[in-house]
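Residues in the sequence shown are numbered from 1 upward in steps of one, following this note's numbering. First up is the structure itself, then whatever we jot down about it.
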Amino acid sequence: MSSTGVTLTVDNAGEFKVISEYIEKHCGIRLTAEKTYLLKTRLTSLMAETGCSNFSQLHSKAVADKSNSLRDKIVDAMTTNETLWFRDSMPYQILREVLLPELAAPAARNGKSKLRIWSAASSTGQEPYSIAITINELMRTGALRTAPVEIIATDISPTALFLASAARYDSLAITRGLPQDIKTRYFTQEGNVWALNSDIKKMVTFRRFNLQDNFGTLGNMDIVFCRNVLIYFSEAFKKDILSRMAALLRPRGYLFLGASESIISYSNEYEMLRHRNGIYYRVK
């Protein structure tokens with residue numbers, strides 16, 4: 001029984017099927033039958049809010065809602081926003097030691113357009129801001145001259161994007177993966193929150209984007225971070241995303257995946273590279 005007095009149930013496999021297919025259709029997330037608990041966990045509050053006692057009712061209301069606001073709330077609730085600063089560390093080390101010296105230096109650009117980096121499924125902003133800080137640290141220490149860089153960060157969740165754009169983090173979020181010297185240099189404490197400095201904040205442009213959408217609207221990229229995202233999708237959708245990212249990347253463009261993700265069996269359009277203990281990919 002919820003706090004509103006609405007009893008939430010999952011009556012049968014058909015009920016799970018109808019809502020899970022709806023979710024996959026609108027954001028690509030594939031839910032298998034053993035993930036019923038995840039639907040209950042993520043959608044309980046929304047079902048109580050809308051007065052629905054089962055997933056079939058929620059699905060019917062979402063389909064009938066021409067404003068798509070309920071659809072957006074469902075997608076928002078199902079989106080995983082687990083993130084932290086400099087997650088897994090190695091991609092940022094590769095960015096700092098290999099890719100930025102190669103791609104961002106003025107001599108390498110040779111009058112070409114800005115170095116463009118895409119943080120896909122950027123959640124509440126820690127990944128793209130970590131990228132921006134990595135770039136700024138290189139310029140601050142003189143290891144890299146001022147480089148024209150554009151960081152595009154996208155997510156399907158309006159809530160995550162709102163929080164990311166605000167760039168204000170509570171005491172728990174600010175400590176997850178963030179070194180003390182970086183916090184001191186780039187954040188200002190305002191009461192119980194830490195606000196990111198405007199110089200870093202303005203390096204990142206956030207926009208709402210569904211990975212099912214046309215990648216062409218983003219323009220070509222030199223580097224793509226698509227980390228800890230593919231694990232939620234079907235095999236067909238993984239192949240589709242990797243193919244479209246290969247087309248999006250400029251010649252010698254690079255792709256980062258999550259530590260537990262791989263392109264094996266999903267794409268032959270990339271070559272795997274190693275640096276220290278890290279793996280990354282270059283489009284062929």
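The C-beta atom is built at its ideal place from N, Cα and C for all residues, glycine as well.
Item                                                                                                                : Value
Three-state secondary structure assigned by DSSP to R140                                                            : helix
Given I117 as reference, the closest of A33, M203, R42 once Cα atoms are compared                                   : M203
Contact under 8 Å by Cβ, E269 with S243                                                                             : yes
Residue of I279, N220, R30 minimising C-alpha distance to V229                                                      : R30
Per-residue DSSP class, three states only, for I200                                                                 : helix
Sequence-distant residues of its chain with Cβ nearer than 6 Å to A236 (five each side left out)                    : none
Local conformation of E82 per DSSP, three classes                                                                   : coil
Identity of the residue in A13, Q57, L115 nearest Y37 by Cα                                                         : A13
Terminal residues of the alpha helix (DSSP H) in which R87 lies                                                     : That residue, R87, is in no alpha helix (DSSP H); it is neither H nor E in DSSP.
Outcome for N277 when other beta-carbon atoms lying within 10 angstroms are tallied against a minimum of 16         : exposed
Short Cβ contact (8 Å threshold) for C226 with A104                                                                 : no
Unbroken stretches of the beta strand (DSSP E), 3 residues or longer, contained in the segment 146-187              : 149-155, 168-170
Contact the segment 206-219 vs the segment 151-162: 3+ CB pairs below 8 Å                                           : yes
contact_flag[the segment 209-222, the segment 180-198] where n(CB pairs < 8 Å) is 3 or more                         : no
Burial state of P91 (16 or more Cβ within 10 Å)                                                                     : buried
Cβ neighbour criterion (16 or more within 10 Å) applied to R145                                                     : exposed
Residues of its chain near T9, where Cβ-Cβ distance is below 8 Å and the 5 sequence neighbours each way are ignored : For T9, the predicted structure reports a pLDDT of 47, less than 50, and the residue's modelled location is therefore unreliable. The matter cannot be settled from this model.
Identity of the residues DSSP links to Q189 by a beta bridge                                                        : W194
Nearest candidate by alpha-carbon position, reference T79, set A167, H26, I241, L138                                : H26
C-alpha gap between E34 and P148, whole angstroms                                                                   : 47 Å
Inter-residue CB distance, S123 and A160 (contact presumed, cutoff 8 Å)                                             : 5 Å
Within the segment 198-252, ranges of the alpha helix (DSSP H) (whole runs, at least 4 residues)                    : 198-201, 235-248
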